[in-house]
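Visitor: Sharing a structure, written as structure tokens. Questions coming.
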Amino acid sequence: MISKFIDNLWRPRRTKHHRRLKPTTAPLAATEKLEDRTLLSGQDLVAFAQALTAANVTLYGAAWDASTTEQKALLQDGAQFLQFVDITDANRGLSGSAIDAGISDINDLHPVWKLDDGTLIDGSTINSVADLAVATNVAIPQSDDPFLKAIADQTLYSGTGLHV
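Just so you know, we're using the working numbering here: the sequence shown kicks off at 893 and counts up by one.
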């Protein structure tokens, strides 16, 4: 019995062995059809924010105010390129720039868009980027390319992480 066991270890399996080989099939990746990889173009919100800045459109509000934060969030990555004036001071009181936005009371605090001609647009009427484009008369650019912010040259020393 032991010799039969040792023979099975050293000899290749026979086709009549009790463990039958399964028929081979092509892997799923080789047989499935790939879908069309068409690039989708979309709104370039960074370029839109830069166009708003070029058109001298300014957002007045408070950095800590939820309504103002929602207005900035409409522009996503482009919010950093927007002209924004905080009309509150460190104590959450109104600063001198609140008069430019037509706000005289802290209880009346809301985001205000100011156009180049001095027109004030209440932020509560702006619910989407399309609303902002219509109100400011600035078109939303379309783009296929993502925005990549330039990074200044970095000096990396040995033993430091190599990611920025």
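The beta carbon of each residue, even a glycine, is placed where N, CA and C say it ideally should be.
Leaving aside the five residues before and after L944 along the sequence, list all residues of the same chain whose C-beta is less than 7 Å from its C-beta, in chain order.
Guide: L974, T1028, V1030, listed in sequence order.
Visitor: So, does the stretch 986–1001 touch the stretch 950–958, judging by three or more C-beta pairs under 8 Å?
Guide: The answer is yes - the stretch 950–958 touches the stretch 986–1001, with three or more Cβ pairs under 8 Å.
Visitor: Between which residues of its own chain and G970 is the CB-CB distance below 7 Å, once the five residues before and five after are set aside?
Guide: For G970, where only same-chain residues beyond five positions count, the Cβ hits under 7 Å are L937, V938, F940, A941.
Visitor: Would V1021 and L966 qualify as a contact pair, given that the criterion is a beta-carbon distance under 7 Å?
Guide: The answer is yes: Cβ separation under 7 Å.
Visitor: Would L1012 and G994 be called neighbours here (beta carbons separated by less than 7 Å)?
Guide: Result yes, Cβ atoms of L1012 and G994 sit closer than 7 Å.
Visitor: Could you please give the first and the last residue of the uninterrupted alpha helix (DSSP H) stretch that includes T950?
Guide: Segment 950–953 is the beta strand (DSSP E) holding T950; no alpha helix (DSSP H) there.
Visitor: Tell me whether Y1049 is buried or exposed, calling it buried when 16 or more other Cβ atoms sit within 10 Å of its Cβ.
Guide: Exposed.
Visitor: Would you report the Cα separation of L1024 and I1018, rounded to the nearest angstrom?
Guide: Whole-angstrom Cα-Cα distance: 6 Å.
Visitor: Look at L951 and W1005 and say whether their C-beta atoms are less than 7 Å apart.
Guide: Yes.
Visitor: So for V938, helix, strand or coil by DSSP?
Guide: In this structure, V938 counts as helix in the three-state DSSP scheme.
Visitor: According to DSSP, is F875 part of a helix, a strand, or is it coil?
Guide: Absent from the model: residue 875. The displayed extent of the chain is 893 to 1056, so no value can be given.
Visitor: Going by C-alpha to C-alpha distance, which of T1052, A1042, V977 sits closest to T961?
Guide: The candidate whose alpha carbon is nearest that of T961 is V977.
Visitor: Given a cut-off of 7 Å, decide if Q963 and G1015 are closer than it, judged by their beta-carbon atoms.
Guide: Cβ distance < 7 Å, so G1015 and Q963 count as in contact.
Visitor: Would you list the one or two residues that DSSP bridges to L1024?
Guide: Looking at the DSSP assignment, L1024 forms no beta bridge with any residue, so it has no partner.
Visitor: Measuring CA to CA, which of D1008, T1052, A1042 is closest to N887?
Guide: Absent from the structure is residue 887, since the part of the chain shown begins at 893 and ends at 1056.
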